[in-house]
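Down below is the structure, laid out as structure tokens.
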Amino acid sequence: MKDYIQLSAFMPLVHYNCSKHLRLFLCAVFAPVCSEHVAIPACKSLCLSVRRDCEPALTSLTLPWPHMLDCDRFLDRGNTLCVQPPDEIIDDISPPILPTILQQWPVMHERPPQISTRIQQQHHHQCPSHFVQISDMEMISCAPRCGTDAYYRAEDKRFAERWMTGWAWLCFLSTLFTLLTFWVEPSRFRYPERPIVFLALCYNLLSIVYIIRGAIGAENLSCVSQIDGPSYVPVRDALKSVPCTLWWLIRYYLGLASKMWWAVLCGCWLLSARNEWSSEALHNIAPYFHAAAWILPIFFTGGSLLSRNVVADELTGLCQISDESALWLEVLPHAVLLLLGCVFGSIAGSALVRVRRAVRCAGRSATKLERLMTRLGIFALLYALPALGSLVCVLHEASVRPRWRKLSLLAALDCHVAQNCAPGPIYRAAGLEVALLRLFLSLVIGVTSGMWVWSGKTCRAWSKLLAAPSKSTRIQNPFQGFKQDDNIA
């Protein structure tokens, strides 16, 4: 059973006929012919012949040569009896042995189809009909063809697009309501909560980017012309597609900017709660907040663009960081900013607990402060947990998806030469749920960021605007009233 499982991993290459001696070699390794006393192993020359023909195909799929088929493990041709390539078997193997081998392996002398000859001559493979042959770093590989179903079924891609567009609209409406509420009553959003407005602005623009993707379609955004036809943008070809590059630049920049504003927001709460900074003091250093939140992501975005590690995803039609660079360009920067904000928020939370304890010891009511602490805690959880979950999904996809795609391509190559085999995926792709969860978590943050304005004050502000607009009242620092008491200070 173990040999059968190991041998099944090579069946796509067997059907693909990368070498006319492959079947003979595999059979000699996993099911050797027995002489009168011992099994007859494969010769080293046979292994080298197969490796010379098949290794380019494995290399183009970024698959290594199997360790169990290391040619140094096999015997050199000499006095030892071993299985050699068929052309040499006729001359060197005695007649009693040759009929036994031919009877046990009757398919060894079948001529491979014409595609195999082309592979051996050109040392590259021919891609299935729903893939496009591309050249990447002097290596031939296959990329999904636009307009076909290569890795994902059509119904899966339709559901993913509806799922993505639906959450993008919810994110847009929620963040738009937050921005309009700020426009109606700007004095209500003073520091330290002012960064919530800019956080909502980032996700509002980000949702518009996703909505634009749903409006123009995947093929207009993430496809690029190749010699064999249009394909989804492969790695290092993103600059050939201007829409793909622009879309990814905007999304990547806004994602980093939103994390920067999260860190700024938690830093403002820290300065206000622990260091007793007033709203006016925070407002005076606001230009530094804006410089850090809007300018620093530009350098990260430019550096990631120079790496050219951008690829289009067939499932969503979105341009994103390639799996090989996702850890350094996607997960690590966002994780650092998220962790920084969580550290600031934790210190601010502990400071608020001390303030509440001091208020209670002074015999004053801490109801208002406790309500504020509850809102801050809920807002932090609704932001940090989805953001962390989104990064975990990206990391999981980056570690699992490359191998799954290689196996899917091998299965497609197997189907390419088989008869009565329909091209394209039949079953739901592995990791589909993780991809949908990642889309949900990346957009639901914008939906929940509007919870800060979900209150009676917002209803009264909009009622005044619609009925008889009036000037907004000045709102104090949320901690100002608690810290004016001499005993607390």
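Numbering of the sequence shown is given in my numbering, commencing with residue 1 and proceeding in unit increments. Ideal Cβ placement from N, Cα and C applies to all residues, glycine included. Computed from a predicted structure; not experimentally measured.
Closer than 7 Å by C-beta to residue i: which residues in its own chain qualify, once you throw out the five before and the five after it? Chain order, please.
i: R474; result: Bear in mind that the predicted position of R474 carries a pLDDT of just 46, short of 50, making it unreliable; the figure below should be weighed with that in mind. Within the same chain, R474 has close Cβ partners S187.
i: P234; result: I134, D136, A143, V311
i: I347; result: L270, R274
i: A494; result: One cannot answer for residue 494 here, as it falls past the ends of the chain, which runs 1 to 489.
i: C43; result: F74, L75, R77, C82, V83, Q84
i: P297; result: Y253, L256, A257, M260
Considering only their Cβ atoms, is the gap separating residue j from residue i smaller than 8 Å?
i: W169; j: I211; result: yes
i: L249; j: L305; result: yes
i: C18; j: C47; result: no
i: V50; j: L22; result: yes
i: N284; j: G446; result: no
i: S241; j: V224; result: yes
i: F131; j: A150; result: yes
i: E314; j: Y232; result: yes
i: L75; j: P41; result: yes
i: T178; j: V197; result: yes
i: L256; j: P333; result: yes
i: C146; j: P230; result: yes
i: A461; j: T181; result: yes
i: F379; j: M451; result: yes
i: R428; j: D156; result: yes
i: G349; j: L221; result: no
Between which two residues does the beta strand (DSSP E) holding residue i run?
i: I40; result: It is not in any beta strand (DSSP E) - I40 carries neither H nor E in the DSSP assignment.
i: A312; result: 310-312
i: C146; result: Segment: none, C146 is in no beta strand (DSSP E) and carries neither H nor E.
i: I321; result: 319-321
i: S225; result: 223-226
Along the alpha helix (DSSP H) that carries residue i, what are the first and last residues, could you check?
i: C18; result: That residue, C18, is in no alpha helix (DSSP H); it is neither H nor E in DSSP.
i: S463; result: 456-467
i: Y210; result: 195-216
i: A154; result: 154-184
i: N284; result: 279-284
i: E433; result: 432-449
i: W344; result: Checking the sequence, you will find Phe at residue 344 rather than Trp. Per DSSP, F344 belongs to the alpha helix (DSSP H) from 332-361.
i: V33; result: Taken as a continuous stretch (DSSP letters only), V33 belongs to no alpha helix (DSSP H), as it is neither H nor E.
i: C71; result: Note, C71: premise wrong, no alpha helix (DSSP H); not H, not E.
i: V261; result: Note that residue 261 is Trp in the sequence shown here, rather than Val. Per DSSP, W261 belongs to the alpha helix (DSSP H) from 242-273.
Ordered along the chain, which non-local residues of its own chain (more than five positions away) have a Cβ less than 6 Å from that of residue i?
i: L352; result: A273, M373
i: L98; result: Because L98 carries a pLDDT of 34, less than 50, the predicted location of this residue cannot be relied on, and the following value inherits that uncertainty. Excluding residues within five positions, none has a Cβ falling inside 6 Å.
i: Y252; result: T301
i: S390; result: R438, L441, S442
i: V184; result: A461, L465
In the DSSP output, which residue or residues are listed as bridge partners for residue i?
i: F131; result: P144
i: V83; result: A42
i: S234; result: The amino acid occupying residue 234 in the given sequence is Pro; Ser does not appear at that position. Answer is none; P234 lacks a bridge partner.
i: L48; result: Answer by DSSP bridge pairing: none, since L48 is not bridged.
Would you mind giving the Cβ-Cβ distance between residue i and residue j, rounded to the nearest angstrom? I have them listed as a contact below 8 Å.
i: S449; j: Y383; result: 7 Å
i: W167; j: L443; result: 4 Å
i: P128; j: L413; result: 6 Å
Counting only the same chain and skipping the five closest in sequence on each side, list residues whose C-beta sits under 8 Å from that of residue i.
i: V394; result: A326, E330, V331, R438
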